[in-house]
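Some notes on the structure that comes next.
Protein chains: 4
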Amino acid sequence: MPRETFNVISDDKRQRIYISAAKIFARDGFAKANTSEIAKDANISKGSLYDYFENKEDLYLTVSTHAISESRKNIDSIIDHSMNFFDQLKSIFLQGLKFVIENREYAQLYANISTSGMEDFAKKLTLKVEKHTADYYKNALKKGISDGIIRPDIDIKMVAFIINSLYVILMISVVSEHYRIRLGEYFEVEDAEIEKEIESKIDALVGIIRMSLENRKETKS
Amino acid sequence: MPRETFNVISDDKRQRIYISAAKIFARDGFAKANTSEIAKDANISKGSLYDYFENKEDLYLTVSTHAISESRKNIDSIIDHSMNFFDQLKSIFLQGLKFVIENREYAQLYANISTSGMEDFAKKLTLKVEKHTADYYKNALKKGISDGIIRPDIDIKMVAFIINSLYVILMISVVSEHYRIRLGEYFEVEDAEIEKEIESKIDALVGIIRMSLENRKETKS
Amino acid sequence: MPRETFNVISDDKRQRIYISAAKIFARDGFAKANTSEIAKDANISKGSLYDYFENKEDLYLTVSTHAISESRKNIDSIIDHSMNFFDQLKSIFLQGLKFVIENREYAQLYANISTSGMEDFAKKLTLKVEKHTADYYKNALKKGISDGIIRPDIDIKMVAFIINSLYVILMISVVSEHYRIRLGEYFEVEDAEIEKEIESKIDALVGIIRMSLENRKETKS
Amino acid sequence: MPRETFNVISDDKRQRIYISAAKIFARDGFAKANTSEIAKDANISKGSLYDYFENKEDLYLTVSTHAISESRKNIDSIIDHSMNFFDQLKSIFLQGLKFVIENREYAQLYANISTSGMEDFAKKLTLKVEKHTADYYKNALKKGISDGIIRPDIDIKMVAFIINSLYVILMISVVSEHYRIRLGEYFEVEDAEIEKEIESKIDALVGIIRMSLENRKETKS
DNA sequence: CATGAATGAGCATTCATTCAT
DNA sequence: AATGAATGAATGCTCATTCAT
């Protein structure tokens with residue numbers, strides 16, 4: 005929904021806008037964020053911002069969509085469908101963690117969509133994000149079953165939901181103060197160690213998932 | 005942190021303030037919420053609001069703390085430590101769902117703590133909420149192990165974290181537009197059916213958890 | 005349409021607002037007028053202005069309605085229905101002129117309603133102003149006819165329209181630069197003498213009207 | 005005052021600018037009108053507009069002058085100085101009405117000059133418009149007197165002023181919401197019938213003027 | 001000559017907070 | 001203790017005008 009002009013400007017300028025808007029929206033949330041500050045931070049004028057976007061909401065939606073799209077591209081780029089499902093999972097969790105650490109604002113923008121007052125944004129953004137991921141998990145599970153490495157009696161929808169829920173919570177635990185503190189409490193680690201802790205626990209987490217899903221007959225044979 | 009006067013006023017007035025503030029903060033989020041509207045909705049004057057609370061943040065903190073405390077009391081009241089762990093889990097999930105449906109605002113207030121701009125609130129609120137829950141799960145798991153119904157080789161912290169994460173996501177999926185849409189996509193149901201869907205899936209979810217944790221030797225014997 | 009609060013404040017403050025708003029709206033027109041300047045000029049805060057009025061339009065409408073109502077009250081107060089119609093006319097024109105000179109802003113507010121972009125205001129204001137005046141003229145003319153001093157064959161509606169049109173143009177000629185220059189050109193006088201010129205010509209104008217309307221039979225008899 | 009470039013461009017482009025600017029200034033008034041919209045409507049760039057005109061005011065002045073000049077040319081073209089004065093009057097009113105109906109924007113531009121905030125414009129525009137008309141009426145009246153068809157005892161300046169005032173009000177009553185409503189109230193007709201009503205009343209209006217001015221001796225003889 | 005992206009002063013309106021009554 | 005009028009900083013957005021291309 006950004007105006008035509010936004011697609012015409014230099015890549016550099018467009019990037020600065022993405023970065024500044026992501027940073028400030030991520031830090032302050034939609035309502036508190038200040039469009040003037042975003043313009044100043046991106047080193048453009050307020051007027052230009054409104055040449056590129058219809059209004060604050062349009063800017064927010066655009067930058068959030070961009071953030072989500074980048075996150076997805078990042079994950080998609082490392083998925084190897086020929087890999088064993090559980091190895092894929094591990095790659096996804098590790099790569100996701102890496103991306104979130106390097107792009108905290110993007111994860112925060114994602115987290116904010118679930119907030120009060122963001123219902124309109126959720127209606128416009130959520131489906132396009134989640135459907136892709138849900139479909140991936142469901143298909144990968146089906147394939148795992150037909151490949152004989154996953155138990156055929158699982159509830160695919162439920163398992164997909166559970167796996168992605170754990171992914172979401174882990175990633176948000178990097179960028180949200182609340183979830184950081186919560187994770188620190190569960191794992192009994194200091195704030196500064198959260199990222200390392202998460203990374204070190206991914207193996208174990210995928211192990212638990214594997215233990216629940218793996219086809220035992222397969223294992224025995 | 006509310007002023008002393010807040011504890012002196014009639015229970016009815018205090019309740020009205022809790023209800024109105026919860027409703028409006030839950031609907032709009034902290035930044036967008038309007039203190040005048042809260043005062044009007046609670047049928048008190050703006051001046052009184054500022055007699056009871058230092059500022060908007062104090063009001064928010066107070067009402068959120070109240071909401072979280074109510075949620076906890078509700079869960080605690082139905083926990084029966086003598087029950088089988090998995091049955092306790094099922095009770096907790098069902099009771100939590102019921103409470104969230106009846107007190108959507110409370111769950112929304114909880115969800116909002118994880119938002120951008122709420123870091124200060126998280127620092128003040130999160131620990132007191134999560135520690136209690138984390139401790140419960142860890143102790144219950146330990147007891148399950150010593151009772152022989154839970155495999156002794158599990159990572160207690162991790163399992164506690166996973167179980168509560170699923171609880172949190174399920175509850176937030178009732179009240180957050182984003183998570184509702186997401187859950188609808190995973191389970192392939194319409195928005196209107198979300199609550200029923202969650203309720204109907206709790207059995208299966210606890211079943212999966214049980215399958216992963218249950219002590220097989222015990223089962224075999 | 006002003007808010008309740010506007011009726012509650014001190015008369016002095018209310019007057020200051022009327023005066024400042026009338027002055028600035030009259031000087032700049034609706035679009036160019038600055039609400040901050042009005043507040044400052046009235047010695048109140050911007051916030052208060054918006055406590056009293058919903059928005060700029062509401063303020064404009066309120067102050068214009070007040071201006072028109074004052075103008076009318078002023079004329080009504082000197083109309084003596086027992087007087088000869090032509091003498092009434094003369095009183096009205098003279099009194100109107102005096103009021104306009106002393107309350108230029110009020111006349112300017114009236115003049116502005118006819119401007120481009122003021123259609124919405126006209127729809128809300130015009131009828132209530134003009135109906136009263138139109139009715140007065142029509143009734144006074146009817147009475148003049150039945151009293152035998154006005155020719156019975158006149159087109160009452162047309163004559164009422166003509167008389168009021170001349171009144172309107174004369175009054176606006178005091179306050180509108182355009183109409184001042186125009187009147188100066190017709191009467192061949194300098195700008196500084198406009199008011200005196202108008203006053204001195206009222207006799208002649210009413211004389212012309214009388215000449216057109218007076219019942220000649222009556223005169224002859 | 006437009007820049008030289010404005011006289012160099014194609015007639016078509018110049019016309020488009022006149023039409024678009026007249027339309028938008030007439031609709032919104034000077035302050036509210038948007039130069040970007042005018043440029044877009046005229047199918048030229050904003051930059052070009054500022055190549056042709058110094059600023060918004062220059063554009064306004066130029067287009068208003070053009071509008072007034074067109075109005076005058078239109079009237080002048082049908083005046084037949086050899087005609088009886090009252091027949092000339094009738095022609096002028098009828099032709100003026102026709103022109104206003106077909107060129108509403110031009111009449112609105114004229115009407116707007118009398119508005120608050122337009123004083124500078126009035127100083128630059130009014131005289132050149134009104135002097136021509138005032139002179140015409142004064143001369144025509146003098147000729148009428150010397151021809152013996154108009155009473156020699158009239159106040160020529162006053163009569164010229166009155167006649168033109170009625171012309172002005174009638175014409176503005178077509179294009180100004182305020183004056184339309186007002187006229188509708190005096191003549192007791194619906195808005196949709198205003199134009200027809202004015203046309204049908206021109207005969208009567210000129211009749212009244214004739215009755216006041218006509219030389220009775222002439223008539224009797 | 002023409003273009004339209006860029007600028008930033010300017011403005012209507014909101015809202016947390018204070019304080020006189 | 002309660003009230004709600006008063007305050008003014010803050011903010012989203014507009015638009016006349018400029019200027020590099």
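Chains as they are written, first to last, in our numbering: chain A, 5 to 225; chain B, 5 to 225; chain C, 5 to 225; chain D, 5 to 225. Cβ coordinates follow ideal geometry from the N, Cα and C atoms, glycine included.
Identify which residue in B:L209, B:S169, B:H70 and B:A25 has its Cα closest to the Cα of I176 of chain A.
If you number the first sequence from 1, residue 176 of chain A lands on position 172. Looking at B:L209, B:S169, B:H70 and B:A25, the one whose alpha-carbon comes closest to that of I176 of chain A is B:S169.
Between H85 of chain A and V133 of chain B, what straight-line distance do the alpha-carbon atoms span, to the nearest angstrom?
The residue labelled residue 85 of chain A in the question sits at position 81 within the first sequence. The residue labelled residue 133 of chain B in the question sits at position 129 within the second sequence. So the alpha carbons of these two residues sit roughly 41 Å apart.
Less than 7 Å between CB atoms is the rule here; does K55 of chain C satisfy it with respect to chain D?
Taking the first residue of the third sequence as 1, we reach residue 55 of chain C at position 51. The sequence given here has Asp at residue 55 of chain C, not Lys. Not closer than 7 Å to any Cβ of chain D, the Cβ of D55 of chain C fails to qualify, so no.
Check whether chain C comes within 7 Å of L131 of chain D, counting only Cβ atoms and requiring the distance to be less than that.
Taking the fourth sequence and counting its residues from 1, the one referred to as residue 131 of chain D is at position 127. Interface flag for L131 of chain D against chain C is set, since a Cβ pair is found closer than 7 Å.
Per the DSSP calculation, I154 of chain A is bridged to which residue(s)?
Counted from its first residue, the first sequence places residue 154 of chain A at position 150. Looking at the DSSP output, I154 of chain A shares a beta bridge with A:E218.
Does the distance from the C-beta atom of T119 of chain A to that of G33 of chain B stay below 7 Å?
Reading the first sequence from its first residue, position 115 is the one you call residue 119 of chain A. Reading the second sequence from its first residue, position 29 is the one you call residue 33 of chain B. Yes; because the gap between Cβ atoms is below 7 Å, this pair is in contact.
Can you check whether the CB of Y56 of chain B is closer than 7 Å to the CB of R7 of chain B?
Stepping through the second sequence from its first residue, residue 7 of chain B is reached at position 3. Stepping through the second sequence from its first residue, residue 56 of chain B is reached at position 52. Closer than 7 Å, so yes.
Chain B contacts from the stretch 33 to 67 of chain A (Cβ-Cβ distance under 9 Å)
For the stretch 33 to 67 of chain A, which is checked against every Cβ of chain B, the residues closer than 9 Å are G33, F34, A35, K36 and A37.
What do you reckon, are the CB atoms on K135 of chain C and F191 of chain D nearer than 7 Å?
Numbered from its first residue, the third sequence carries residue 135 of chain C at position 131. Numbered from its first residue, the fourth sequence carries residue 191 of chain D at position 187. For K135 of chain C and F191 of chain D, no; Cβs fall outside 7 Å.
If the cut is a Cβ gap below 8 Å, which residues of chain B does L101 of chain A touch?
In the first sequence, residue 101 of chain A corresponds to position 97, counting from 1. Within 8 Å Cβ-Cβ: nothing; L101 of chain A doesn't reach chain B, min ~15 Å.
Within 7 Å, strictly: CB atoms of E154 of chain B and N219 of chain B:
For this step, residue 154 of chain B is matched to residue 150 along the second sequence. For this step, residue 219 of chain B is matched to residue 215 along the second sequence. In the sequence under discussion, the amino acid at residue 154 of chain B is Ile, which differs from the Glu named in the question. For I154 of chain B and N219 of chain B, yes; Cβs fall inside 7 Å.
Could you tell me the alpha carbon to alpha carbon distance between S225 of chain A and D80 of chain A, rounded to whole angstroms?
Within the first sequence, numbered from 1, the residue matching residue 225 of chain A stands at position 221. Within the first sequence, numbered from 1, the residue matching residue 80 of chain A stands at position 76. Legend: pLDDT at S225 of chain A = 40, less than 50; position of this residue unreliable, value from coordinates given subsequently. If I take the Cα positions, the gap works out to 33 Å.
State yes or no: is the beta carbon of H182 of chain C nearer than 7 Å to at least one beta carbon in chain D?
To locate residue 182 of chain C, count along the third sequence from 1; it is residue 178. Yes - at least one Cβ of chain D is within 7 Å of the one on H182 of chain C.
With a threshold of 7 Å between beta-carbons, can I185 of chain C be considered close to chain D, or not?
Position 181 of the third sequence, counting from 1, holds the residue named residue 185 of chain C. Chain D, which has a Cβ nearer than 7 Å to the Cβ of I185 of chain C, makes this yes.
Counting C-beta neighbours from all protein chains within 10 Å, is the total for E222 of chain B 16 or more, i.e. buried, or is it exposed?
By one-based count along the second sequence, residue 222 of chain B stands at place 218. For E222 of chain B, the predicted model reports a pLDDT of 43, less than 50, meaning its position is unreliable; a value from the coordinates is still stated below. Label assigned to E222 of chain B: exposed.
What is the C-beta distance between L187 of chain B and F165 of chain A, in whole angstroms, given that I count them as a contact (C-beta under 8 Å)?
Position 183 of the second sequence, counting from 1, holds the residue named residue 187 of chain B. Position 161 of the first sequence, counting from 1, holds the residue named residue 165 of chain A. That belief holds up - the Cβ atoms of L187 of chain B and F165 of chain A are roughly 7 Å apart, short of 8 Å.
How close, in whole Å, do the beta carbons of I83 of chain D and Y114 of chain D come, if the pair is a contact with beta carbons under 8 Å?
Along the fourth sequence, one-based indexing puts residue 83 of chain D at 79. Along the fourth sequence, one-based indexing puts residue 114 of chain D at 110. Going by Cβ atoms, the distance from I83 of chain D to Y114 of chain D rounds to 19 Å, so no, they are not a contact pair.
Can you give me the Cβ contacts of Y22 of chain D inside the same chain, cut-off strictly under 7 Å, excluding the 5 residues immediately before and after it?
What you label residue 22 of chain D is simply residue 18 of the fourth sequence in a count that begins at 1. Correct list, in chain order: V67 and H70.
If Y141 of chain C and I167 of chain C are in contact, beta carbons under 8 Å, what's the gap, nearest whole angstrom?
Taking the third sequence and counting its residues from 1, one reaches residue 141 of chain C at position 137. Taking the third sequence and counting its residues from 1, one reaches residue 167 of chain C at position 163. With a Cβ gap of about 6 Å, Y141 of chain C and I167 of chain C count as contacting.
Where I105 of chain C and V178 of chain C are concerned, what is the direct C-alpha to C-alpha distance, given to the nearest angstrom?
Numbered from 1 along the third sequence, position 101 holds the residue referred to as residue 105 of chain C. Numbered from 1 along the third sequence, position 174 holds the residue referred to as residue 178 of chain C. Distance between I105 of chain C and V178 of chain C, taken at the CA atoms: about 7 Å.
In its own chain, which residues sit with a C-beta less than 6 Å from the C-beta of I3 of chain B, not counting the 5 before and 5 after it?
The structure shown does not extend to residue 3 of chain B, since chain B is modelled only from 5 to 225, so the question has no answer here.
CA-CA distance, V172 of chain D and I202 of chain D?
The residue labelled residue 172 of chain D in the question sits at position 168 within the fourth sequence. The residue labelled residue 202 of chain D in the question sits at position 198 within the fourth sequence. Each residue's alpha carbon lies about 12 Å from the other.
With a 10 Å radius around its C-beta and 16 neighbouring C-beta atoms as the bar for buried, classify N88 of chain C as buried or exposed.
Position 84 of the third sequence, counted from the first residue, corresponds to residue 88 of chain C. Classified as exposed, N88 of chain C has fewer than 16 neighbouring CB atoms from the shown chains inside 10 Å of its CB.
From the beta carbon of Y140 of chain C, is the nearest beta carbon of chain D less than 7 Å away?
Here residue 140 of chain C refers to the residue found at position 136 when the third sequence is read from its first residue. No, no contact with chain D.
Among residues of its own chain, excluding the 5 on either side of I158 of chain B, which ones have a beta-carbon nearer than 8 Å to its beta-carbon?
For the purposes of this step, residue 158 of chain B is taken as residue 154 along the second sequence, with counting starting at 1. Taken in chain order, the residues that qualify are L145, I149 and L217.
Enclosing alpha helix (DSSP H) for I117 of chain A [first to last residue]
The residue given as residue 117 of chain A occupies position 113 in the first sequence. Note, I117 of chain A: premise wrong, no alpha helix (DSSP H); not H, not E.
Starting from the Cα of D45 of chain B, find the closest Cα among B:E123, B:R18 and B:E61 and give me that residue.
Here the question's residue 45 of chain B lines up with position 41 in the second sequence. The candidate whose alpha carbon is nearest that of D45 of chain B is B:R18.
What's the call for V12 of chain D, buried or exposed, on a 16-neighbour Cβ count within 10 Å?
Mapped onto the fourth sequence, residue 12 of chain D falls at position 8. Exposed is the call here.
Contact set for A111 of chain C: own chain, Cβ-Cβ below 6 Å, skip 5 residues either direction:
As a working note, residue 111 of chain C is residue 107 in the third sequence. Closer than 6 Å at the Cβ level, and outside the excluded window around A111 of chain C, lie V104, M175 and V179.
Should A25 of chain C be labelled buried (16 or more other beta-carbon atoms within 10 Å of its own) or exposed?
Locating residue 25 of chain C in the third sequence gives position 21, where the first residue counts as 1. Classification of A25 of chain C: buried, given that the 10 Å Cβ count is 16 or more.
Terminal residues of the alpha helix (DSSP H) in which S68 of chain B lies
Here residue 68 of chain B refers to the residue found at position 64 of the second sequence. First-last of the alpha helix (DSSP H) with S68 of chain B: K60 to I82.
Answer with buried or exposed for T130 of chain A, where buried requires no fewer than 16 other C-beta atoms within 10 angstroms of its C-beta.
Indexing the first sequence from 1 puts residue 130 of chain A at position 126. It is buried - the Cβ of T130 of chain A has at least 16 other Cβ atoms within 10 Å.
If I measure Cβ to Cβ from V163 of chain D and keep anything under 7 Å in the same chain, skipping five residues before and after, which residues do I get?
To locate residue 163 of chain D, count along the fourth sequence from 1; it is residue 159. The answer, listed in chain order, is L145 and L217.
Between which two residues does the alpha helix (DSSP H) harbouring E189 of chain C extend?
To locate residue 189 of chain C, count along the third sequence from 1; it is residue 185. According to the DSSP assignment, E189 of chain C belongs to the alpha helix (DSSP H) that extends over E181 to F191.
Counting along the chain, where does the alpha helix (DSSP H) carrying N11 of chain A start and finish?
Residue numbering aside, residue 11 of chain A sits at position 7 when the first sequence is read from its first letter. Element bounds for N11 of chain A: E8 to V12.
Candidates C:K128, C:Y183, C:F125 and C:E41: closest to A126 of chain D by CA position
As a working mapping, residue 126 of chain D is identified with position 122 in the fourth sequence. The shortest Cα separation from A126 of chain D among C:K128, C:Y183, C:F125 and C:E41 belongs to C:Y183.
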